[in-house]
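Numbered according to the numbering used here, the sequence shown spans residues 57 to 212.
Backbone N, C-alpha and C define an ideal beta-carbon position, used for all residues, glycine too.
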Amino acid sequence: MKRNSSGRILDHTRTAATGLVAVLLLAAGFWTSWGDAQHILLSKGREHGTLSVERCAEEVCTGPYTPREPAPGREGVTIEQSVAVRKGEALSVVLRPGTTEALRTGPAGGLLAWMPLGGALLLASPVIGAGLRLTRTAWAAAAAGGLLLLASFLAL
Numbered sequence: 057m058k059r060n061s062s063g064r065i066l067d068h069t070r071t072a073a074t075g076l077v078a079v080l081l082l083a084a085g086f087w088t089s090w091g092d093a094q095h096i097l098l099s100k101g102r103e104h105g106t107l108s109v110e111r112c113a114e115e116v117c118t119g120p121y122t123p124r125e126p127a128p129g130r131e132g133v134t135i136e137q138s139v140a141v142r143k144g145e146a147l148s149v150v151l152r153p154g155t156t157e158a159l160r161t162g163p164a165g166g167l168l169a170w171m172p173l174g175g176a177l178l179l180a181s182p183v184i185g186a187g188l189r190l191t192r193t194a195w196a197a198a199a200a201g202g203l204l205l206l207a208s209f210l211a212l
């Protein structure tokens, strides 16, 4: 049975809208991850050191910061509180330029920074599979997102 042109237009519009939703989910996940990951992955020239966690409030933990290179030590350097940050722990960190906000470095910090992308891959996989009818691509996106989240959980 041959389809009329309005049926084909509706089909193409649905596919384009679903593709746009999938691209927006993945772009938002990447953009959110890149905000922290750029400081961890491209850390040359940034201030590295160790943060000794002394106090934790609702959303942030603070403590004294000891730089690796000759630079002044800082009081009140903050790091976002998560399950990976505990009072009394010494963390290897990099400071965001121009702030006293620290980001965890190393494999655990890198994986933690890319967690939003892993979640976005998981969220986009049903859209890719059902909406775009690309089941293999959807399974690959779901597997990549799940592996990224699992690796982050195990590294922390």
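Looking at the secondary structure, which residues open and close the alpha helix (DSSP H) in which Ser208 lies? Residues Thr191 to Ala211.
Between which two residues does the beta strand (DSSP E) harbouring Ile135 extend? Here the beta strand (DSSP E) through Ile135 covers Arg130 to Glu136.
Does DSSP put Ser89 in a helix, a strand or coil? Helix.
Mapping DSSP to helix, strand and coil, what is Arg152? Taken through DSSP and simplified to helix, strand or coil, Arg152 comes out as coil.
Can you give the Cα-Cα distance for Leu173 and Arg160, rounded to whole angstroms? Approximately 18 Å, taken between the alpha carbons.
Closest by C-alpha distance to Met171, when choosing among Leu212, Lys100 and Arg59: It is Leu212 whose Cα lies nearest to the Cα of Met171.
Quickly, what does DSSP pair Ser108 with across the bridge? List them, please. For Ser108, which the question treats as bridged, DSSP gives the partners Ala146.
Residue environment, His95, which counts as buried when at least 16 other CB atoms sit within 10 Å: Within a 10 Å sphere around the beta-carbon of His95 sit 16 or more other beta-carbons, which makes this residue buried.
Cα-Cα separation between Thr106 and Leu168, rounded to whole angstroms: Going by C-alpha positions, Thr106 is about 18 Å away from Leu168.
Near Glu115, what residues of its chain come up, given a Cβ to Cβ distance below 6 Å and the 5 sequence neighbours on each side ignored? In its chain, beyond the 5 residues on either side, Gln137 have a beta carbon closer than 6 Å to the beta carbon of Glu115.
Considering only the beta carbon of each residue, do Ala180 and Leu81 sit closer than 8 Å? Yes, these two residues count as a Cβ contact at 8 Å.
Grab me the residues of Cys112's own chain with a C-beta within less than 6 Å of its C-beta, minus the 5 sequence neighbours each way, in chain order. Only Gln137 and Lys143 meet the Cβ criterion.
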